[in-house]
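Numbering (this note's numbering), first residue to last: 13 to 229.
Heads up: the structure comes next, in structure tokens.
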């Protein structure tokens, strides 16, 4: 008759304890200590990068990612460009944003058929929609003014020592300091500093138009 193996009680306790600890670690990893899910894994994409020249990146939840052609864009992304850089974004079906150097903006809200809200913190942009696109409303808020847009093409950003807005096609309303200025094609306005009222609508000369467009193209 073979002798029964002798196992000490404390060995059994140690083995059971180790197994329990391993099980608890596994559960903890599943519910409490798993790595954070990146922002892009659960956010809804509202557009993508159509083109990038130089340095451009997006920030969300203290996470920065470099932007490249076809990279997705998400709600609340803070998008920025570096010096001597250009970035082209496509939002929804037919909205294009061209950013010049050292631009910084946030897409706060965007619905394909209902418009959206963008915060422009700095730098120049060119907003463009085809003439026959859905005329959904878009609001662009900056430290200088609120720009209310429907299907159109216009520039906004530093120009001639001021924050300038110039409309190439369609119309926009620029609001600030209790003043509203309606701009039609070929007209622009200036806001000299944050808190100042926009100047009356006026035609821009070719040299100023070309300089503004060159800053985003």
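In this text, a Cβ means the ideal position worked out from N, Cα and C, and glycines have one as well.
Minimum C-alpha distance to residue i - residue among the options
i	options	result
residue 202	72, 164, 157, 143	157
residue 227	71, 100, 107	100
residue 168	110, 92, 104	110
residue 118	58, 176, 142	58
residue 222	210, 198, 143	198
residue 71	176, 87, 193	87
residue 225	148, 159, 80, 136	136
residue 65	75, 73, 80, 108	80
Euclidean distance between Cα positions of residue i and residue j
i	j	result
residue 206	residue 191	13 Å
residue 67	residue 166	24 Å
residue 96	residue 112	8 Å
residue 208	residue 63	34 Å
residue 134	residue 128	19 Å
residue 131	residue 116	9 Å
residue 150	residue 212	22 Å
residue 189	residue 155	11 Å
residue 98	residue 85	16 Å
residue 78	residue 172	31 Å
residue 139	residue 214	20 Å
residue 102	residue 229	15 Å
residue 89	residue 104	15 Å
residue 145	residue 178	20 Å
residue 175	residue 185	15 Å
Beta-bridge partners of residue i, as assigned by DSSP
i	result
residue 113	According to DSSP, residue 113 bridges with nothing at all.
residue 191	188
residue 199	215
residue 178	167, 200
CB-CB length for residue i against residue j, believed under 8 Å
i	j	result
residue 196	residue 183	5 Å
residue 60	residue 82	6 Å
residue 142	residue 106	6 Å
residue 193	residue 210	5 Å
In chain order, each beta strand (DSSP E) run of at least 3 residues that lies wholly inside the segment 115 to 171
As far as the segment 115 to 171 is concerned, its whole beta strand (DSSP E) runs of at least 3 residues are 116 to 123, 127 to 134, 137 to 140, 150 to 153, 158 to 161, 165 to 171.
Could you tell me which uninterrupted beta strand (DSSP E) segments, each at least 3 residues in length, are contained entirely in the segment 45 to 109, listed from first to last along the chain?
Assignment of beta strand (DSSP E) within the segment 45 to 109, counting only whole runs of 3 or more residues, yields 57 to 65, 68 to 72, 75 to 78, 84 to 86, 90 to 93, 98 to 103 in chain order.
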